[in-house]
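Okay, structure first, notes after.
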Amino acid sequence: MTDTDAYTPQEQALLDAVGTAFARLRPRTRQAPVDPPASPKDLKRNLVLNLVDEARATDTEMTVGGLADHLSVDPSVASRMVSDCISHGYLIRAASQRDGRRTVLHLTEEGAALLALFRRQQRQAFEYITRDWPDAERLELARLLLKYADSTARLPAPDAVNEPQPPPAA
Numbered sequence: 001m002t003d004t005d006a007y008t009p010q011e012q013a014l015l016d017a018v019g020t021a022f023a024r025l026r027p028r029t030r031q032a033p034v035d036p037p038a039s040p041k042d043l044k045r046n047l048v049l050n051l052v053d054e055a056r057a058t059d060t061e062m063t064v065g066g067l068a069d070h071l072s073v074d075p076s077v078a079s080r081m082v083s084d085c086i087s088h089g090y091l092i093r094a095a096s097q098r099d100g101r102r103t104v105l106h107l108t109e110e111g112a113a114l115l116a117l118f119r120r121q122q123r124q125a126f127e128y129i130t131r132d133w134p135d136a137e138r139l140e141l142a143r144l145l146l147k148y149a150d151s152t153a154r155l156p157a158p159d160a161v162n163e164p165q166p167p168p169a170a
């Protein structure tokens, strides 16, 4: 935890505004013109495919239940999201290589291609939104966003007991 007394009132106000800024990002980012335009269904698929891809990248397995935990949704909602991705050829179910009783999710080639399209659209939106920024600021924001996202990997898993975590080593 950070000692909040170390911040000036102006810095406190800046940090307090972060939550509101995050809440405004998704709906407003969708207003940026991307080619092809993203639909609300695409946004849900993007969430699912990114989580399955992240699990693969970290050598973990993603199940429908794990997806529900990560998205903080009811398992039936996660199941419908996965079924949509499977019916469109973006995901497949397979037996776990670690525990044959479990069914895990894997991206198909079509799913990887759709995920790549989503990532191109997100870059288009980022570049459009920051089009009048100096390059140095645009690149600094990109670097800091990636650092922030990487820091979230140190948070406990959604189904883990929320015990206080020690601060990272300096």
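Under this note's numbering, the residues of the sequence shown are numbered 1 to 170, in order. Quick reminder that beta carbons are idealized off the backbone N, C-alpha and C, glycines included.
Simplified DSSP assignment, three categories, for residue i
i: V18; result: helix
i: T103; result: strand
i: L155; result: coil
Neighbourhood of residue i by C-beta distance below 8 Å, restricted to the same chain and skipping five residues each side
i: A142; result: F126
i: K41; result: D84
Pairwise C-alpha distance: residue j and residue i
i: I129; j: Q97; result: 43 Å
i: P9; j: P134; result: 28 Å
i: P33; j: Q124; result: 8 Å
i: K147; j: R154; result: 12 Å
i: D16; j: A149; result: 19 Å
i: V18; j: L25; result: 11 Å
i: T20; j: G100; result: 44 Å
Contact set for residue i: own chain, Cβ-Cβ below 6 Å, skip 5 residues either direction
i: V82; result: V64
i: T58; result: none
i: R93; result: T103
Contacting residues, own chain, Cβ-Cβ under 7 Å from residue i (five flanking each side not counted)
i: M62; result: L51, V52, A55, V104, L105
i: D74; result: A68
i: R138; result: T130
i: L71; result: L47, A78
Closest residue to residue i among the options (Cα-Cα distance)
i: R45; options: Q31, D69, S87, L14; result: S87
i: L49; options: T20, Y90, A13; result: Y90
Integer Cβ distance of residue i from residue j, believed to fall under 8 Å
i: R30; j: A38; result: 7 Å
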